[in-house]
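Residue numbers (the UniProt record's numbering): 1 to 132.
In what follows, a single structure is set out as structure tokens and then discussed.
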């Protein structure tokens, strides 16, 4: 049975390196991120992003993120794979649990969801998941 999780997170660390590739206005850079989750997911994570920006505007990123904490009363962790971009000026940010990465009580977890950035810059998430 698929379950639904939702909540918010804060960026505790956003450490962007200088772009390692620049061509005209397009810049590609690495970013290290650390987060704290609230809501149905409670815990912390670290992520490594590769970002694309044109001028000062972010356009896309891919990332790998390791979450450690609790979900639905179960403790453990898993790895999320991010894919983000935009279309017609509207961003989309999706994430998927990497198969086989669940640990502890979260062993066997699979699922996917999205990250939503509010008008105030706050971050929320949804995650639809199953645990074998």
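Idealized CB from N, CA, C, for every residue including glycine.
All figures in this text were calculated on a predicted structure; none of them were measured in a lab.
Counting along the chain, the unbroken beta strand (DSSP E) around residue 125 starts and ends at 123 to 131.
According to DSSP, residue pairing for residue 30 in a beta bridge involves 50.
Taking the CA atoms as reference points, residue 15 sits about 12 Å from residue 50. Following the DSSP letters along the chain, one finds residue 111 inside the beta strand (DSSP E) bounded by residues 109 to 117.
A straight line joining the alpha-carbon of residue 10 with that of residue 23 spans about 32 Å.
Between residue 116 and residue 95, the gap from beta carbon to beta carbon reaches 8 Å or more.
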